[in-house]
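**Student:** Mind looking over this structure? Questions follow.
Residue numbers (this note's numbering), protein chains in the order written: chain R, 378 to 667; chain Y, 3 to 328; chain X, 4 to 349.
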């Protein structure tokens, strides 16, 4: 437990040292809070068509005190949709980001540590995944297997690990030859022990940097797929809100419908990029002087 | 250089083979009748049986696989479920349109990004450096459909400066590729989608160029070039930027992996009649032959462009050109 | 050819100072250096790394990084005031035409992207009105001078060995027959055999080309072999300078004595090497007294009081020989003690 706390304190120190990183952390923290509290803070049900006081459907209302962010062409409250969409989008991002870094880090560590035939096979595999166009793959997978959240996450995870694997492999290759590794081997430490107890702590900043990146890529990809109509129809996401706007044909007038999800995507992804930059200076000390 | 090219070509071919295999497996795993991937359920029984035999779908799985590979290699994708045209013919036109938009966007992004990155590094810490870094971080976070819609709203819907959709004004009488790409109509349609793509891609080459420029500028040969009494512009471009370009080329493959995704989205937003839009439509309508073909062709595009970057790396770095590197 | 002769020296430097601004405050890398080089003369500047030699070179070539400030009472080249020259004029008229460099890291100073010959052609065409064919012809002639096969001009730097690159750099420096060539550690990083060959080659070239050389090195043996005069630098200052013969026969400054102990001598092959304990100071603050006092076995409390002035120590009427030490009067005793290993133990 204390180890976990010490780890978290260390991460906080790294992020706080960088002004942009700090801003990023605050934004991500706010989004997490909204995601957790969604059922309690959303003023309306995101799917219900609302009626105004005069009994008419509240269709395409611009922002007002009644509907803070306005309503959609189906008279749904955009603020409530945004709050629930934050929950799903952030969850999709976190889940796919974390699973993909788990895959990428392990492939990178194993390929880099063992080298030789294992490295060759794993890196050829990575090359093949690099040959897969990312978003088209997500679209094809969903078209074949159905518009469900699990396939969206699966499709993202299957592709997005590739960059982290390459980068972590490169770092592991150079760490493998370092003295503390040879010393550990001389003491009779097993391969797994060396990989996870001696090498991994040294690639940790890089790993966290790419965790942030992977989450960012996952969110952009999910938003793009949803915007193109390949999202889960039972869930509301930022990209899904934009898809509804796009297909409603109201894009020329309903700016209040466009601005919240668009801003949410840009601001949240930018926050992740800011955090990753804070780690970049740690992962790559040369950058500190720049 | 010869063996370098040969090895890269072999890698590219292997990757495409793997992509085709993955496609084959995915379509077999698809729930429902596996033959539905090439034969439209709308056809009558006799026609279905005829097509089944033509595509070898009545044979064992491994034979189906070999027939499939042969079909892929000869671009024989069957016919569209929706228009009943041969898929190869539909795809060919769209491929050209995609290449037009993509090369315009990538050229702008790498050209502007490279030049900006170079100047940012040269005046490190200056207003351009700080401003462009921040802008790049934000633009990088904006998916191209967001910037695309924003551009549409401002420049097309509100100010009515540029056309909002398509590649040519409907009813255009232009004929032949050259006539089309040199027409004012085409170019005005090209501006917005290119801008959306450029803004999205710009950040990566720019930041990479900046970083590798900073690295190269600290090198002995750049200092020595200054000692030779060359003008600052010559030192910056001929000695520093020339070597920093290698940095851009190294990450180009990473950029391309995402470029295709941006392409698909931007084509949809601007109704650009390219492969990406075709693919989205086909996937939405469950037109599997077209979806498969477009996916494979987009993968070919990624692999082909990756090959191109590898080759240009070899060309830029004499150590590889003369066969001294691993 | 001492600078006290009537004609103006080729290069005259008086009270040159260079200060770097860093996050931890200013660093006085060069702290009031004065010297002169005569026409055709070889002046060796010796000292450990970190004594300000490289900064001195950068200052002379105006290659100081941003954040460095340079000042001098006088900086003149054949009587022309270099301090007053705008950057552009300096770059076009002085660099390479008048003042060429054989850089410290010749290994990495060739741009890996271009053919070696083309890089020399570039220098030629930047400063002389030459066609491509003329420039290439000149490159072939230069390669011949430094003992490289002319056909090698079409090769890339990575196809050259260390020694070949060093020769190519020397060829490039000689391209426009500049009156002064600065050679910054020309033999560092090369193996002994190649070093020997390069030195012999430089000596041969000296016989054919009449350039002066400012030779920067930490290697006393190289200086002894090549220099007409020697300036010993420590902590950003010149602590002693004089003719090579005088400096070796009768050095005055304890640091010069220490340096000579630390290198193998050609005259006394079997001599035991004694190194000076400690390292040069970081120069974060200007040093009030003698820069060497902290490491000097002969230091006295008064050494820290004020910067010792450079005093003429040579025989009257002979070649100039200056040293900056407050204990010059005790030199006989110091020289004797300096030969003992126990003296230099920290």
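The beta carbon of each residue, even a glycine, is placed where N, CA and C say it ideally should be. All figures in this text were calculated on a predicted structure; none of them were measured in a lab.
#1: Indicate the three-state DSSP secondary structure (helix, strand or coil) for residue 344(X) in the structure shown.
#2: Between residue 406(R) and chain Y, is there a C-beta pair that is closer than 8 Å?
#3: Under a CB-based cut-off of 8 Å, is residue 164(X) close to chain Y?
#4: Does the distance from the CB of residue 268(Y) to the CB of residue 205(Y) come in under 8 Å?
#5: Can you pull the chain Y neighbours of residue 350(X), defined as C-beta to C-beta under 9 Å?
#6: Just how far apart, CA to CA, sit residue 126(Y) and residue 117(Y)?
#7: In chain order, which alpha helix (DSSP H) runs of at least 4 residues are fully inside the segment 89 to 125 of chain X?
#8: Which same chain residues end up closer than 7 Å to residue 331(X) when comparing Cβ atoms and leaving out the 5 residues on each side of it in sequence?
#9: Given residue 230(X), which residues of its chain have a CB within under 7 Å of its CB, disregarding the five upstream and five downstream residues?
#10: Return the Cβ separation of residue 14(X) and residue 39(X) in integer angstroms, given the expectation that the two are a contact with Cβ distance under 8 Å.
#11: Could you name the residues of chain R that residue 17(Y) contacts, counting a contact when the two beta carbons are closer than 8 Å?
#12: Do residue 592(R) and residue 531(R) count as a contact pair if the criterion is CB distance below 8 Å?
#13: Taking Cβ positions only, does residue 270(Y) come closer than 8 Å to chain R?
#14: Let's test the definition: count the other Cβ atoms within 10 Å of the Cβ of residue 510(R) and tell me whether it reaches 16, buried, or not, exposed.
#15: Contact criterion: CB-CB distance below 8 Å. Does residue 215(X) meet it with respect to chain Y?
#16: Checking 8 Å against the spacing of the C-beta atoms, do residue 14(Y) and residue 305(Y) come in under that value?
#17: How should residue 279(X) be labelled, buried or exposed, when 16 other C-beta atoms within 10 angstroms of its C-beta is the threshold for buried?
#18: Are any of the Cβ atoms in chain Y nearer than 8 Å to that of residue 512(R)?
#19: Quick one: which chain X residues come within Cβ less than 8 Å of residue 227(Y)?
#20: Run through chain Y and tell me which residues come within less than 7 Å of residue 129(X), C-beta to C-beta.
#21: Look at the alpha carbon of residue 101(Y) and the alpha carbon of residue 248(Y), and state the distance between them as a whole number of angstroms.
#22: Please go through the segment 252 to 306 of chain Y and give each complete alpha helix (DSSP H) segment of 4 or more residues, from N-terminal end onward.
#23: Can you list the alpha helix (DSSP H) stretches of 4 or more residues lying completely in the segment 232 to 313 of chain X, in chain order?
#24: Does the separation of the CB atoms of residue 131(X) and residue 179(X) fall below 8 Å?
#25: Any idea which residues DSSP pairs residue 184(X) with across the strands?
#26: Enumerated in chain order, which unbroken segments of the alpha helix (DSSP H) with a length of 4 residues or greater are wholly contained in the segment 20 to 76 of chain Y?
#27: Quick one: list the residues of chain R neighbouring residue 191(Y), beta-carbon separation under 9 Å, in chain order.
#28: Where do the ends of the alpha helix (DSSP H) carrying residue 40(X) lie?
#29: Is residue 134(Y) close to chain R, meaning its C-beta is less than 8 Å from at least one C-beta of that chain?
#30: Flag residue 221(Y) as yes if its beta-carbon sits less than 8 Å from any beta-carbon of chain X, otherwise no.
#31: Considering only the beta carbon of each residue, do residue 505(R) and residue 469(R) sit closer than 8 Å?
#32: Got a sec? Which residues, its chain only, sit under 7 Å from residue 121(Y) by beta carbon, not counting five neighbours each side?
#33: Less than 8 Å between CB atoms is the rule here; does residue 65(Y) satisfy it with respect to chain R?
#34: Between the beta-carbon of residue 489(R) and the beta-carbon of residue 553(R), is there less than 8 Å?
#35: Find the residues of chain Y that neighbour residue 111(X), judging by a C-beta separation of less than 7 Å, and give them in chain order.
#36: So residue 126(X) contacts chain Y; which residues on that side make the cut at Cβ distance below 7 Å?
**Tutor:** Looking at the atomic coordinates:
#1: Your numbering for residue 344(X) matches position 341 in the third chain. In this structure, residue 344(X) counts as helix in the three-state DSSP scheme.
#2: Counted from its first residue, the first chain places residue 406(R) at position 29. No, residue 406(R) does not count as interfacial toward chain Y.
#3: Reading the third chain from its first residue, position 161 is the one you call residue 164(X). Judged by the 8 Å Cβ criterion, residue 164(X) is not in contact with chain Y.
#4: Residue 268(Y) sits at position 266 when you count from the first residue of the second chain. Residue 205(Y) sits at position 203 when you count from the first residue of the second chain. Not closer than 8 Å, so no.
#5: What is shown of chain X runs 4 to 349, which leaves residue 350(X) out entirely.
#6: Translated into positions along the second chain, residue 126(Y) becomes position 124. Translated into positions along the second chain, residue 117(Y) becomes position 115. Computed Cα separation, rounded: 14 Å.
#7: With a minimum length of 4 residues, no continuous alpha helix (DSSP H) run stays inside the segment 89 to 125 of chain X.
#8: Reading the third chain from its first residue, position 328 is the one you call residue 331(X). Within the same chain, residue 331(X) has close Cβ partners 255, 314, 316.
#9: Taking the third chain and counting its residues from 1, one reaches residue 230(X) at position 227. Excluding sequence neighbours, residue 230(X) sits near 45, 46, 47, 218, 247.
#10: Within the third chain, the letter at position 11 stands for residue 14(X). Within the third chain, the letter at position 36 stands for residue 39(X). So it is a contact: roughly 7 Å between Cβ atoms.
#11: As a working note, residue 17(Y) is residue 15 in the second chain. Ordered by position in chain R, the residues that pass the 8 Å Cβ test against residue 17(Y) are 504, 505, 507, 508.
#12: On the first chain, residue 531(R) is found 154 positions in, with the first residue counted as 1. On the first chain, residue 592(R) is found 215 positions in, with the first residue counted as 1. In this structure, residue 592(R) does not lie closer than 8 Å to residue 531(R) by Cβ.
#13: Position 268 of the second chain, counted from the first residue, corresponds to residue 270(Y). Chain R contact via Cβ: present.
#14: Here residue 510(R) refers to the residue found at position 133 of the first chain. Buried, because 16 or more other Cβ atoms sit within 10 Å of the Cβ of residue 510(R).
#15: Your numbering for residue 215(X) matches position 212 in the third chain. False, the Cβ-Cβ gap to chain Y never drops below 8 Å.
#16: Against the second chain, residue 14(Y) aligns to sequence position 12. Against the second chain, residue 305(Y) aligns to sequence position 303. Yes.
#17: Taking the first residue of the third chain as position 1, residue 279(X) is located at position 276. Its Cβ being crowded by 16 or more others within 10 Å, residue 279(X) is buried.
#18: Along the first chain, read from residue 1 onward, the residue named residue 512(R) stands at position 135. So, interface residue.
#19: Looking up residue 227(Y) in the second chain gives position 225. In chain order: 114.
#20: Within the third chain, numbered from 1, the residue matching residue 129(X) stands at position 126. Near residue 129(X) (Cβ distances below 7 Å), the residues of chain Y are 230, 231, 232.
#21: Start at 1 with the first residue of the second chain, and residue 101(Y) comes out as number 99. Start at 1 with the first residue of the second chain, and residue 248(Y) comes out as number 246. Those two C-alpha atoms are separated by around 24 Å.
#22: 277 to 286
#23: 247 to 252, 257 to 265
#24: Here the question's residue 131(X) lines up with position 128 in the third chain. Here the question's residue 179(X) lines up with position 176 in the third chain. Between residue 131(X) and residue 179(X), the C-beta spacing is below 8 Å.
#25: Here the question's residue 184(X) lines up with position 181 in the third chain. Beta-bridge pairing links residue 184(X) to 103(X), 216(X).
#26: Whole alpha helix (DSSP H) segments, 4+ residues: 47 to 56, 63 to 75.
#27: Counted from its first residue, the second chain places residue 191(Y) at position 189. In chain order: nothing, as chain R lies at least about 18 Å away.
#28: If you number the third chain from 1, residue 40(X) lands on position 37. Segment 28 to 40 is the beta strand (DSSP E) holding residue 40(X); no alpha helix (DSSP H) there.
#29: Taking the second chain and counting its residues from 1, the one referred to as residue 134(Y) is at position 132. It does not: the Cβ of residue 134(Y) has no partner Cβ on chain R nearer than 8 Å.
#30: As a position in the second chain, residue 221(Y) is number 219, starting the count at 1. Closer than 8 Å to some Cβ of chain X, the Cβ of residue 221(Y) qualifies, so yes.
#31: Walking along the first chain from the start, residue 505(R) turns up at place 128. Walking along the first chain from the start, residue 469(R) turns up at place 92. No, the Cβ-Cβ distance between residue 505(R) and residue 469(R) is not below 8 Å.
#32: Position 119 of the second chain, counting from 1, holds the residue named residue 121(Y). Contacts found: 130.
#33: Along the second chain, read from residue 1 onward, the residue named residue 65(Y) stands at position 63. With 8 Å as the cut-off, residue 65(Y) does not count as an interface residue toward chain R.
#34: Walking along the first chain from the start, residue 489(R) turns up at place 112. Walking along the first chain from the start, residue 553(R) turns up at place 176. Yes, they are a contact pair.
#35: As a working note, residue 111(X) is residue 108 in the third chain. Those are 221, 222, 223, listed as they occur along chain Y.
#36: By one-based count along the third chain, residue 126(X) stands at place 123. Within chain Y, the residues near residue 126(X) are 230.
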